[in-house]
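Right, one structure below, let's go through it.
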Amino acid sequence: MTEVYATPGSAATGTPAHAGASTFQPAACAGTPRPVLSVRQIEKVYGNRDSVTHAINDISFDVMPGEFVGIMGPSGSGKTTLLNCVATIDTVTSGHILVDGRDVTGLRSRALAKFRRDDLGFVFQDSNLLDTLTGFENVALALTIKGEHVSKVRTKVEDIARTLGVGEVLNKYPYQMSGGQKQRIAAARAIVADPKLVLADEPTGALDSRSAGVMLDTLTMMNEKLHATIMMVTHDSFAASFASRILFIKDGTVFNEIRRGDTSRADFFNRIMEVVTFLGGDVRDAG
Ligand SMILES: Nc1ncnc2c1ncn2[C@@H]1O[C@H](COP(=O)(O)OP(=O)(O)O)[C@@H](O)[C@H]1O
Ligand SMILES: [Mg+2]
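Here the sequence shown stands for residues 0 to 286, where the numbers follow numbering that gives the first Met the number 0.
Take a look at the structure:
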């Protein structure tokens, strides 16, 4: 298979160009759904005059409603920087990031806090549950912070937890749960308040392979049954194969993009592996 070696926008991939700055069309035509996320020519430079790192050189892409997008790339390619910029944990040097049509790159701190709380859900490598709260309370907190009426909290939390297969651990504390259960409670917490976009940073990185499989099924369920739009950073080709589209990042730009389409996950995995091999072996990312 040679198509996976094509650069973004080539005829071989059948996908629109996303790396070139001049190729963008506004996606606001009538009948076209608005992207949940639009990353527009972002650049991120760290350092000062003595030492400068271009963590992101020029990245542009859209994520449409209901997509499950994976971000892959070698260590140091800019994945975490990209995720942190979208999460508004970090700021871009230039360019724009729009979430549901709203530019979040210029938000001030109060608006930023509200944006993160209302529009984003997070799943980290470590579940980051609060140890002194039960599973139920950890998930419920995401709702109460958002101001959800107390009468609706119990039903919402129980429904989501049941859907994600962790209804039975709601009364347990994190230390009483397995690693996989904690990650699924974290997934429930990320989605319970109905965010526009779920950001996952190596969500299976700390799990054994069996639990990782269950967690990836959980993310798939969030995407397919609960209609979550997900952007997941991973170094793991198996994890990436659960996504519907993968963007490969290299040297701070989008190097390639592949879509799963109607192919099986096993086939998609093989295509991912080909790109990973072509990218030069080390996509393993320690950080
Ligand atoms: N806070 C920072 N200060 C300076 N350089 C940084 C900082 N964060 C990341 N970098 C650099 O930016 C580049 C991209 O890093 P990162 O986004 O963490 O890559 P990845 O997650 O793909 O491994 C690397 O060269 C890294 O050393
Ligand atoms: Mg990283």
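We treat Cβ as the ideally placed atom computed from N, Cα and C, and that holds for glycine. As the structure is a prediction and not an experimental result, all values here were calculated from the model.
Residue i beta carbon near ligand 1 (any heavy atom closer than 7 Å)
i	result
Gly-146	no
Gly-204	no
His-52	Just to set this straight, residue 52 is Thr in the shown sequence, not His. Thr-52 Cβ: within cutoff of ligand 1.
Gly-72	yes
Gly-69	no
Gly-46	yes
Gly-75	yes
Proximity below 8 Å, CB of residue i to CB of residue j
i	j	result
Leu-215	Ala-238	yes
Ile-245	Ile-271	yes
Phe-267	Asp-200	no
Val-232	Ile-257	no
His-63	Pro-34	The residue you asked about is not His; residue 63 is Met in the sequence shown. Cβ distance < 8 Å, so Met-63 and Pro-34 count as in contact.
Cys-84	Lys-113	no
Pro-194	Lys-181	no
Val-213	Lys-155	no
Arg-116	Lys-151	no
Arg-188	Val-138	yes
Val-98	Leu-36	yes
Thr-131	Leu-169	no
Asn-56	Gly-251	yes
Phe-241	Thr-262	no
Pro-73	Leu-278	yes
Leu-111	Ile-248	no
Heavy atom of ligand 2 within 7 Å of residue i beta-carbon
i	result
Lys-78	yes
Nearest-angstrom beta carbon gap, residue j and residue i [assumed within contact, 8 Å]
i	j	result
Leu-142	Thr-217	Not confirmed; about 19 Å, so no contact.
Val-197	Gly-120	4 Å
Ala-54	Gly-69	Going by Cβ atoms, the distance from Ala-54 to Gly-69 rounds to 19 Å, so no, they are not a contact pair.
Gly-178	Ser-210	6 Å
Ser-243	Phe-60	Ser-243 to Phe-60, Cβ: 14 Å. No contact.
Gln-40	Gly-105	Not really, about 15 Å apart at Cβ, beyond 8 Å.
Val-103	Thr-79	About 18 Å separates the two Cβ atoms, so there is no contact after all.
Gly-65	His-226	6 Å
Val-253	Ile-96	At roughly 15 Å, the Cβ-Cβ gap does not stay under 8 Å, so Val-253 and Ile-96 are not in contact.
Contiguous alpha helix (DSSP H) assignments of at least 4 residues, all confined to the region 159 to 228: 178 to 190, 208 to 223
Alpha helix (DSSP H) runs contained entirely in the region 245 to 271, provided each spans 4 or more residues: none
Which ranges does the alpha helix (DSSP H) cover as unbroken runs of at least 4 residues, wholly within the region 16 to 85, from first to last along the chain? 78 to 85
Complete alpha helix (DSSP H) runs within the region 105 to 145 (minimum length 4 residues, chain order): 108 to 118, 134 to 144
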